[in-house]
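Sequential numbering from 1 applies to the sequence shown in UniProt numbering. Even glycine gets a Cβ: it sits at the ideal position worked out from N, Cα and C. As the structure is a computational prediction, the values presented were derived from the model and not from experiment. Right, one structure below, let's go through it.
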Amino acid sequence: AFPVTVYGNFLPRHIFYRFHAICAYIRCIFVAICMVLFWPSFDVVLADQVSAVIPVLKVKSLKVIFYCHFPDLLLAQHTTMLRRLYRRPIDMLEEASTGMADLILVNSKFTASVFAKTFKSLHAKGINPSVLYPAVNVDQFGQPRAYLPKFLSINRFERKKNIELAILAFATIMSKEASKGILEQIPGGETDISLVITGGFDKRLKENMDYLEELKDLAAKEGVSDKVVFIPSCSTEQRDALLSECRCVLYTPKEEHFGIVPLEAMAAQKPVIACNSGGPLESIKHSITGFLCEPTPQNFSSAMLMLLNDPDMAKKMGMEARSHVEKTFSRQ
Numbered sequence: 001a002f003p004v005t006v007y008g009n010f011l012p013r014h015i016f017y018r019f020h021a022i023c024a025y026i027r028c029i030f031v032a033i034c035m036v037l038f039w040p041s042f043d044v045v046l047a048d049q050v051s052a053v054i055p056v057l058k059v060k061s062l063k064v065i066f067y068c069h070f071p072d073l074l075l076a077q078h079t080t081m082l083r084r085l086y087r088r089p090i091d092m093l094e095e096a097s098t099g100m101a102d103l104i105l106v107n108s109k110f111t112a113s114v115f116a117k118t119f120k121s122l123h124a125k126g127i128n129p130s131v132l133y134p135a136v137n138v139d140q141f142g143q144p145r146a147y148l149p150k151f152l153s154i155n156r157f158e159r160k161k162n163i164e165l166a167i168l169a170f171a172t173i174m175s176k177e178a179s180k181g182i183l184e185q186i187p188g189g190e191t192d193i194s195l196v197i198t199g200g201f202d203k204r205l206k207e208n209m210d211y212l213e214e215l216k217d218l219a220a221k222e223g224v225s226d227k228v229v230f231i232p233s234c235s236t237e238q239r240d241a242l243l244s245e246c247r248c249v250l251y252t253p254k255e256e257h258f259g260i261v262p263l264e265a266m267a268a269q270k271p272v273i274a275c276n277s278g279g280p281l282e283s284i285k286h287s288i289t290g291f292l293c294e295p296t297p298q299n300f301s302s303a304m305l306m307l308l309n310d311p312d313m314a315k316k317m318g319m320e321a322r323s324h325v326e327k328t329f330s331r332q
């Protein structure tokens, strides 16, 4: 543990639920100014996500490492002329300030390629990021308690996470025609099979609230609402318990920058079924620690049925997954 000093809590996060980016920049720049004014020099400063602080830190000639999770300008909406005018100076500041860092790190080769395509002027100058994968504490996850016929989805309740894919794939395998008798071979039959959807949820965010209701409506429409369990904002203990008992984890975002959930699942000795794009291409070994699939219910459900029908395969993949994470993504 180490002491944490907080500055700028009095500054707003938004203005009437608008101007989130401007407010975030102001808050972060204020923290950087406080560091320069009230603290002695540092050997190195690690800046995360908001690059606008770098010019302020450079006033003291500090060495700065910037960790870019993903270019912010690609995450923001540019749907109207007003939005484009609002974002233009912010986007220009992001690129210019990012280039002032002494070292730029990104979370995956996928993000590195997007960085080069997005910040073309930096790439032309030979300013390119190095890849530093996120890591997990493998020791946090003990031996799995079971490999029950339960599928687990862990994601923030945001539309870009594509959670509806998990529900549609699950509804597909619950169809007797699609499963070709596999469900009857499972002890307890289809009554034991379930899908648990959990992850970060903030009732203050309209998208979180709306998306949860959309997912519940979809489960009802597909006739599987009695077998789909929603657990918004589960605790770390709950998450670890769910990981310890599920058959596998479904990871549904497309073009995900990296994705820490697959690492946590594999550290917990559970195979992962994910989309064959973005970060999961670098973290999951296809047919060894999980399956990389086209983002369709048919492809996901095929992989789900394989693991549902063969728990020994799930266990073997889980052991391979744990070993893979220990070798490549451990904090050791």
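Just to confirm before moving on: does the CB-CB distance between residue i and residue j stay below 8 Å?
| i | j | result |
| --- | --- | --- |
| Pro271 | Thr289 | yes |
| Gln227 | Ile273 | Rather than Gln, the amino acid found at residue 227 in this sequence is Lys. In this structure, Ile273 does not lie closer than 8 Å to Lys227 by Cβ. |
| Val50 | Leu57 | no |
| Pro295 | Leu215 | no |
| Phe151 | Leu195 | yes |
| Val224 | Phe291 | no |
| Asn155 | Thr252 | yes |
| Asn208 | Asp202 | yes |
| Phe30 | Tyr7 | yes |
| Ala32 | Phe141 | no |
| Pro55 | Met100 | yes |
| Arg13 | Cys28 | no |
| Pro149 | Leu11 | no |
| Leu122 | Thr98 | yes |
| residue 355 | Phe230 | Only positions 1 to 332 of the chain appear in this structure, which leaves residue 355 out of reach. |
| Ser283 | Gly259 | yes |
| Ala76 | Arg87 | yes |
| Met306 | Gln269 | no |
Grab me the residues of residue i's own chain with a C-beta within less than 8 Å of its C-beta, minus the 5 sequence neighbours each way, in chain order.
| i | result |
| --- | --- |
| Leu74 | Val114 and Thr118 |
| Arg331 | Ala135, Val136, Asn137 and Val138 |
| Lys161 | Asn155, Gly199, Thr252 and Pro253 |
| Ser153 | Ile163, Ala166, Leu195, Val196, Ile197, Thr198, Gly199, Val249, Leu250, Tyr251 and Thr252 |
| Val59 | Val36 |
| Ser41 | Lys60 and Leu62 |
| Ile125 | The question names Ile, yet the displayed sequence has Lys at residue 125. Here the set comprises Gly99. |
| Arg84 | His78 |
Should residue i be labelled buried (16 or more other beta-carbon atoms within 10 Å of its own) or exposed?
| i | result |
| --- | --- |
| Pro129 | buried |
| Glu264 | buried |
| His324 | buried |
| Glu237 | exposed |
| Phe300 | buried |
| Met92 | exposed |
| Met304 | buried |
| Tyr25 | buried |
| Glu256 | buried |
| Arg322 | buried |
| Leu82 | exposed |
| Ala1 | exposed |
| Ile104 | buried |
| Val53 | buried |
| Val44 | exposed |
| Val4 | exposed |
| Phe16 | exposed |
| Phe329 | buried |
Leaving out five residues before and five after residue i in sequence, what residues of the same chain have Cβ atoms less than 6 Å from its Cβ?
| i | result |
| --- | --- |
| Phe110 | Gly278 and Gly279 |
| Ser244 | Pro144 and Arg145 |
| Ala112 | Val106, Pro129 and Val131 |
| Ala219 | Ile167, Ser225 and Val228 |
| Ile90 | Ala21 |
| His286 | Leu292 |
| Arg159 | Tyr211 |
Taking DSSP's pairing of strands, which residues face residue i in a bridge?
| i | result |
| --- | --- |
| Thr198 | Ile154 and Ile231 |
| Met312 | What sits at residue 312 in the sequence shown is Asp, not Met. DSSP lists no partner for Asp312. |
| Gly290 | Val272 and His286 |
| Ala47 | Phe66 |
| Arg18 | Ile15 |
| Val131 | Val106 |
| Ser330 | Val136 |
| Leu250 | Ser153 and Ile273 |
Give every residue of the same chain whose Cβ lies closer than 7 Å to the Cβ of residue i, excluding the five residues on either side of it in the sequence, and list them in chain order.
| i | result |
| --- | --- |
| Tyr147 | Arg247, Pro311, Ala314 and Lys315 |
| Lys221 | none |
| His69 | Gln49, Asn107 and His257 |
Let me check you understand the geometry: is the CB of residue i closer than 7 Å to at least one non-hydrogen atom of the ligand SAH?
| i | result |
| --- | --- |
| Arg322 | Of the ligands one can find in the structure shown there are none, so the ligand SAH has no counterpart to examine. |
Self-check item: Contained alpha helix (DSSP H) runs [length at least 4] in the segment 206-246, N- to C-terminal order
Solution: 206-221 and 236-245
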